[in-house]
Structure formats: C-alpha cells, structure tokens
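Per the working numbering, residue 30 is the first one in the sequence shown, and the count goes up by one each step.
We treat Cβ as the ideally placed atom computed from N, Cα and C, and that holds for glycine.
Each remark here refers to the structure printed beneath this line.
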Amino acid sequence: MSGKELVQSLLDFIDASPSPWHVVKTIEAQLETQTPPWQRLDETAKWTLQPGGRYYVVRDDSSIVLFVQGQKPLVETGFKIIGAHTDSPGLRIKPNAASSADGLVRLGVEVYGGPILATFTDRDLSLAGRIAYKNDQDQVARMPVKFDQPLLRLPNLAIHMNRAVNEEGLKLQKQTELPLILATSTEEQLPPAYFSALLQQQSGIAAERILSWDLAVYDTQKGAFWGAESEFYADSQLDNLASCHAALQALLDQTGLQSDATRVCALFDHEEIGSQSNKGADGSFLPDVLGRIALATATDSEDYARALAKSFMISADMAHAYQPNFPNAYDPGHKVIVNKGPVIKVNANHNYSSESVSAAMFVDWCEQAGVPYQTYSHRCDLPCGSTIGPITSAKLGIRSIDVGSPMWAMHSLRESAGVLDHDYMIRVMKRFFAA
C-alpha cells in the first residue's frame, strides 16, 4: 500500500475503534480475514503451539497480545516484541451518571488520564464501550456497545459570560462544568431510567438485565486528510492507535515470511493511567504469555531466561512534533518535524527506555529500511511523560527503545500527524521483525 492508503487504513481503524474494547474487536475482525487464520488462545486452556503458527490472546476485552511462533528454539533467537497501548485520555461515564438540571438530562463523567479538556467543548460527542449484563442463563456476560449518532455535547460558555477566555484560556472545573448534556428532561421518565432505556435500545439487552458499564466519550467526526497536498491527517486517538495500527500492520505484512524468531505485538489497556492493572503493561499479561510460549515449546526456566536476554522490545508511542507558534515549549536542539521520520525518545531519568545501544540498533534498522529518523528530548524545566517502555523492560529484563511518530496536539480530542511518518514507522517495524 502507498503511504496515503496506509493512513486511510489507519483512519478506518480508528473510526471503527472509539474505545479500547472496540480496538480489540476491530483487530480480531481483521485477523479473521487473514489466510491462514489466526488462532485465539484461551488463558484457561492448555496451549499447543507449532512453528510458524499465528496466535493471539485477549485479556478482559481491551488488551491483546499477538505472536507468530518462530522456526527456531526460543533460546537461540529470543523474542522480537513491539508494544503499544489501546487506550486514550478522555472522559468516562460514571456509574450513576444521569441527572436532571433545569430541564435537561446530563451525564456525569470522570476524567480518564490527562486529556486537554477544553477540546471536548462544542464537539459532536457520543458513547462507546461495553456493558455487563445478566444473560438468559442468569450468567454475567458482556458485549461492546457503540452509539453512532451524536448523542452528547459540552457547550462552551459564551464570551459574554467569560470575557477573559482568550487571554486566560478555557478552564473547566472537572466536577461541576464537565457533565454532558444528553436530552431534554421529561416528567414521564426519570434521568436514570431514560439512560437505561437508551442502553437497552442500542444493545438489545433489557434495561433490568444491564448491571454495569464501561463507557467512554468519543468524537463522532471521522478522520480526514488535510494540508495543501493532503500531507497531514487528523483524527481522535492518534495517541496511541496510530502506533497500534503500525505495529499490527508490520506484523501482518511479515507473517507470510518465515522467521527464526518469535515475533510479538503486545497492545495494552490502561497506559494513560499508569498501567497498573491485570491487563496493563505493569501487570502480568505479557510475562504470562511469554512464559506460556516457553512452556508450550518445552523451554526450561534457564533457557527461558537466556531467551529473554536475547530479546528486544520497541515501545511505540507517539512523539511531540514541533509547533512553530510555540517555540519556547521545546528544547531548541530537539525540534521534531512532521513527515521527517520516526522519533527516538530519550530521557536521562529513564521516563523512556531508550539508551545508547538500543538507540544505535534502531538507527541501524532505519538505515536498512531507508527511513529517516529524529531524536527527541524534553525541556529540562518541564515534566516529561512516560510510556510502557520502562515498565515492560524492567519487568522482563530485556533491552528496549521508546520511539514514536511525530504528532501535534497530543491528548487533544482531535490530533494531527504526517502521512509520510506512518509509512516510515511501519517500514522500520517490518525491518525489525525481519532482522
């Protein structure tokens, strides 16, 4: 595919995946179209693996690990791993969300991670996630749910009531000023019953059987190309679904080629809130999967440790592109430019897992793939973000690097990036898997 076709594939992927639960469902649907088919492994069952076999494991609906079993023993090759995350910062619906206020039904929300809250105002918002319910066998079941139409809104306060907004910026009080307008209230139905009826209508599950939900607020506007030559693109959740898509595309493009090493794509939920969960990068999911691959291939504990010592991980998470309107926000020696290639992210305090050896290895793969590269370091007087890289590298004891494609407006509801960079990232990831 051309670079623009790859980005269109990314935009379609994002638009089909408005929540982490939908991300995994979208990936599973894509795997079902592959030949030969991918096999889903159940964590409660015994695994039987074959060289060249294509497998995936899902934990709690929103984290997924895919792998292609290598042709040679693990002890000889180690694992080649690319990691990313399925979640994005935003707003989540509270358990007892619906309430009335002066003739309107509103939904209470909680802030998830660190979104730019002002970007949620005046957008065509809706809901997506999953519901947990009692099925016909009186067992707890769950299913994804997505409202396609604009359902919610956070109207801005007019400038006549907020005269300093252009000088001081829009500041939203999280508890009192973020509830989203859903509908006009009626005397016939209280807000909680009204919201339950909406969930019933969308899911087909009787309201009295719906027990709980995990619902994220998303922007219904589709992704789009922009710029005089359509060299840029915009969508929600580029952080970090662009990295998920790149890793997945690289793995799928390589699966037809035999490889000595076992290739792994690990996509985690909960990165934006610290990764400390059963399905986050700081949980046991990836160590469990790698350990079970070793067990299924009769690799003893010493050889497994040797395999990890030969392994490498690319932690893929988006990078801050230089915005020339705000030059003082950046280190002058590390201006990352859109459409100029993947970014090696470096931090002396190890907020990123990159170090000199892993950076040199990534540079070598870029050169082999004919891909330009850049290096990013944050201003010393500003707090630096982090990724799954240091967490996973520490848990497994493997060498790792943090890289990402340049993007503008990270954690905005609508982010932007460059068409060339997505193609560049996929190319170097494919080179890594093939190395």
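#1: Would you call the region 116-133 and the region 76-83 in contact, with 3 or more CB pairs under 8 Å?
#2: Who are the Cβ neighbours of Y359 in its own chain at under 7 Å, not counting the five residues just before and after it?
#3: In chain order, what residues of the same chain lie with their CB nearer than 6 Å to the CB of A290, ignoring the 5 residues before and after it?
#4: Could you check where the beta strand (DSSP E) with Y223 kicks off and where it finishes?
#5: In angstroms, rounded to a whole number, what distance separates the CA positions of S128 and P208?
#6: My output table needs one value for K364: the three-state DSSP class, helix, strand or coil.
#7: When the Cα atoms are used, what is the spatial distance from S300 to P49?
#8: In three-state terms, what does DSSP make of P412?
#9: Would the beta-carbon of M347 be found less than 6 Å away from any heavy atom of the ligand MN?
#10: Please name the residue in K374, R456, V367, Q403 whose C-alpha comes closest to that of A35.
#11: Can you look up Q59 in the DSSP assignment and give me helix, strand or coil?
#12: Do K54 and P173 have their beta-carbon atoms positioned less than 7 Å apart in this structure?
#13: Could you spell out the range, first to last residue, of the beta strand (DSSP E) harbouring A325?
#14: Measure from the alpha carbon of K465 to the alpha carbon of each residue in S406, K364, T148, then state which is nearest.
#15: Note down, in chain order, each residue of its chain lying with its Cβ closer than 6 Å to the Cβ of C395, except the 5 sequence neighbours on either side.
#16: Within the continuous beta strand (DSSP E) that includes N125, where are the two ends?
#17: Kindly indicate the opening and closing residues of the alpha helix (DSSP H) around Q37.
#18: Counting along the chain, where does the alpha helix (DSSP H) carrying H2 start and finish?
#19: Mapping DSSP to helix, strand and coil, what is E72?
#20: For the region 341-411, which segments carrying the beta strand (DSSP E) assignment without a break, of at least 3 residues, lie completely within its bounds, in sequence order?
#21: How far does the alpha helix (DSSP H) with L467 in it extend, from its first residue to its last?
#22: Could you name the residues that DSSP lists as bridge partners for Y162?
#23: Report the three-state DSSP secondary structure of K54 (helix, strand or coil).
#24: Consult DSSP for P435 and reduce its assignment to one of helix, strand or coil.
#25: Across which residues does DSSP place W255 in a beta bridge pair?
#26: D450 and G370 look like a contact to me (Cβ under 8 Å); what is the Cβ gap, rounded to whole Å?
#27: G112 and M342: beta carbons closer than 7 Å?
#28: Rounded to the nearest angstrom, what separates N185 and Q204 at their Cα positions?
#29: Quick one: is N368 buried, meaning 16 or more other Cβ sit within 10 Å of its Cβ, or exposed?
#30: In angstroms with no decimal places, state the Cα-to-Cα distance between M190 and E206.
#31: Tell me whether F176 is buried or exposed, calling it buried when 16 or more other Cβ atoms sit within 10 Å of its Cβ.
#32: Per DSSP, what kind of secondary structure is A193 in: helix, strand or coil?
#33: DSSP beta-bridge partners for V104?
Judging by the given coordinates:
#1: no
#2: On the sequence shown, position 330 is the one that residue 359 refers to. In its chain, beyond the 5 residues on either side, Y351, R408 have a beta carbon closer than 7 Å to the beta carbon of Y359.
#3: Taking the sequence shown and counting its residues from 1, the one referred to as residue 290 is at position 261. Closer than 6 Å at the Cβ level, and outside the excluded window around A290, lie G99, T106, K109.
#4: Looking up residue 223 in the sequence shown gives position 194. From DSSP, Y223 is part of no beta strand (DSSP E) but of the alpha helix (DSSP H) over 220-232.
#5: As a position in the sequence shown, residue 128 is number 99, starting the count at 1. As a position in the sequence shown, residue 208 is number 179, starting the count at 1. Using only the alpha carbons, I get a separation of about 9 Å.
#6: Mapped onto the sequence shown, residue 364 falls at position 335. K364: coil per DSSP, three-state reduction.
#7: For the purposes of this step, residue 300 is identified with residue 271 of the sequence shown, where counting begins at 1. For the purposes of this step, residue 49 is identified with residue 20 of the sequence shown, where counting begins at 1. Before going on, a small fix: residue 300 reads as Glu here, not Ser. Approximately 11 Å between the Cα atoms of the pair.
#8: Against the sequence shown, residue 412 aligns to sequence position 383. Of the three classes helix, strand and coil, the one that applies to P412 here is coil, per DSSP.
#9: In the structure on display, the ligand MN does not appear, and there are no ligands present to speak of.
#10: To locate residue 35, count along the sequence shown from 1; it is residue 6. Correcting the residue type first, residue 35 is Leu in the shown sequence and not Ala. Among K374, R456, V367, Q403, the Cα nearest to that of L35 belongs to R456.
#11: In the sequence shown, counting from the first residue as 1, residue 59 sits at position 30. Note: Q59 maps to helix in three-state DSSP.
#12: Translated into positions along the sequence shown, residue 173 becomes position 144. Translated into positions along the sequence shown, residue 54 becomes position 25. Yes, Cβ-Cβ distance for P173 and K54 is below 7 Å.
#13: Here residue 325 refers to the residue found at position 296 of the sequence shown. Segment 314-325 is the alpha helix (DSSP H) holding A325; no beta strand (DSSP E) there.
#14: Residue coverage of the chain in this structure runs from 30 to 464, which leaves residue 465 outside it and unanswerable.
#15: Your numbering for residue 395 matches position 366 in the sequence shown. Only Y402, V457 meet the Cβ criterion.
#16: Working through the sequence shown from its first residue, we reach residue 125 at position 96. N125 -> beta strand (DSSP E) spans 119-130.
#17: For the purposes of this step, residue 37 is taken as the residue at position 8 of the sequence shown. Here the alpha helix (DSSP H) through Q37 covers 32-44.
#18: Because the chain spans 30 through 464 in this model, residue 2 falls outside it and cannot be assessed.
#19: In the sequence shown, counting from the first residue as 1, residue 72 sits at position 43. Three-state result, E72: coil.
#20: 341-345, 372-374, 403-405
#21: It is not possible to answer for residue 467, since the shown part of the chain is limited to 30 through 464.
#22: By one-based count along the sequence shown, residue 162 stands at place 133. Answer is A170, I239, bridged to Y162.
#23: Numbered from its first residue, the sequence shown carries residue 54 at position 25. Reduced to three states, the DSSP call for K54 is helix.
#24: Your numbering for residue 435 matches position 406 in the sequence shown. Looking at P435 - three-state DSSP - the assignment turns out to be strand.
#25: For the purposes of this step, residue 255 is taken as residue 226 along the sequence shown, with counting starting at 1. Beta-bridge pairing links W255 to F261.
#26: Taking the sequence shown and counting its residues from 1, one reaches residue 450 at position 421. Taking the sequence shown and counting its residues from 1, one reaches residue 370 at position 341. Taking a contact as a CB-CB distance under 8 Å, the pair D450 and G370 counts as one, their CB atoms being some 7 Å apart.
#27: Along the sequence shown, read from residue 1 onward, the residue named residue 112 stands at position 83. Along the sequence shown, read from residue 1 onward, the residue named residue 342 stands at position 313. Result yes, Cβ atoms of G112 and M342 sit closer than 7 Å.
#28: Residue numbering aside, residue 185 sits at position 156 when the sequence shown is read from its first letter. Residue numbering aside, residue 204 sits at position 175 when the sequence shown is read from its first letter. Rounded to the nearest angstrom, the two C-alpha atoms are 16 Å apart.
#29: Reading the sequence shown from its first residue, position 339 is the one you call residue 368. Flag for N368 reads buried.
#30: To locate residue 190, count along the sequence shown from 1; it is residue 161. To locate residue 206, count along the sequence shown from 1; it is residue 177. So the alpha carbons of these two residues sit roughly 14 Å apart.
#31: Counted from its first residue, the sequence shown places residue 176 at position 147. So F176 counts as buried.
#32: The count along the sequence shown starts at 1 and reaches residue 193 at position 164. Looking at A193 - three-state DSSP - the assignment turns out to be coil, as it is neither helix nor strand.
#33: Position 75 of the sequence shown, counted from the first residue, corresponds to residue 104. V104 pairs with nothing; no bridge assigned.
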